[in-house]
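Novice: Provided herewith is a single structure, encoded as structure tokens, for subsequent inquiry.
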Amino acid sequence: MRSNPPEAPAALPLPTYSGLWRGLWHLARLAHALRRDGWTTEIRTGRHRPMLRVYPKDAPTIGESISVAWGNGEWWYQSSTGLWLTPCNRVDLAADKLNILLTPWVSAAFDALRDDQF
Numbered sequence: 004m005r006s007n008p009p010e011a012p013a014a015l016p017l018p019t020y021s022g023l024w025r026g027l028w029h030l031a032r033l034a035h036a037l038r039r040d041g042w043t044t045e046i047r048t049g050r051h052r053p054m055l056r057v058y059p060k061d062a063p064t065i066g067e068s069i070s071v072a073w074g075n076g077e078w079w080y081q082s083s084t085g086l087w088l089t090p091c092n093r094v095d096l097a098a099d100k101l102n103i104l105l106t107p108w109v110s111a112a113f114d115a116l117r118d119d120q121f
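Taken in order, the sequence shown gives residues 4 to 121; the numbers are from the numbering used here.
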């Protein structure tokens, strides 16, 4: 069996996700900012960590799920793909980043000429 070379960096630890009350508080703040920008938001709780579902009203199957995780000494918004968006104290920046990430997907879904281009 091969082992990693001694100079290889260690794997990053798995994120520590927030508890229910902390996650809900941070996600509610982000939901408010995203609704101002025209997105539909839905906080989901269940067996796992709380998550914020963000999507356009007319296309609920296109969107992103955001959770709150501990990293680098503070709480962060994290996308479902594992992307660390911003620290939770930068709510408006997190909303801007989600706008940037989601807008091309939504535009492509509603592009009437899309099928004609292929």
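Backbone N, C-alpha and C fix where the C-beta goes; we use that ideal spot for every residue, glycine too.
Hey, how far is the Cα of P9 from the Cα of G76?
Specialist: For P9 and G76, the distance between alpha carbons rounds to 27 Å.
Novice: What three-state label does DSSP hand S110 in the structure shown?
Specialist: S110: helix per DSSP, three-state reduction.
Novice: My assumption, with CB atoms under 8 Å, is that A72 sits in contact with T19. Please give the rounded CB distance.
Specialist: Indeed, because the Cβ distance is near 6 Å, the residues count as touching under 8 Å.
Novice: Relative to the C-alpha of T43, which candidate in L96, L33 and H29 has its C-alpha closest?
Specialist: Cα-wise, what sits closest to T43 is L33.
Novice: Taking DSSP's pairing of strands, which residues face E10 in a bridge?
Specialist: None, per the DSSP bridge assignment.
Novice: So what does DSSP say about I103, is it helix, strand or coil?
Specialist: If DSSP states are grouped into helix, strand and coil, I103 belongs with the helices.
Novice: Judging by CA-CA distance, which residue of S83, G85, W79 and V109 is the nearest neighbour of A97?
Specialist: Looking at the Cα atoms, W79 is the closest of the given residues.
Novice: When we look at the beta-carbon of I194 and count the other beta-carbons within 10 Å, is it buried (16 or more) or exposed?
Specialist: With the chain covering 4 to 121 only, the question about residue 194 has no answer from this structure.
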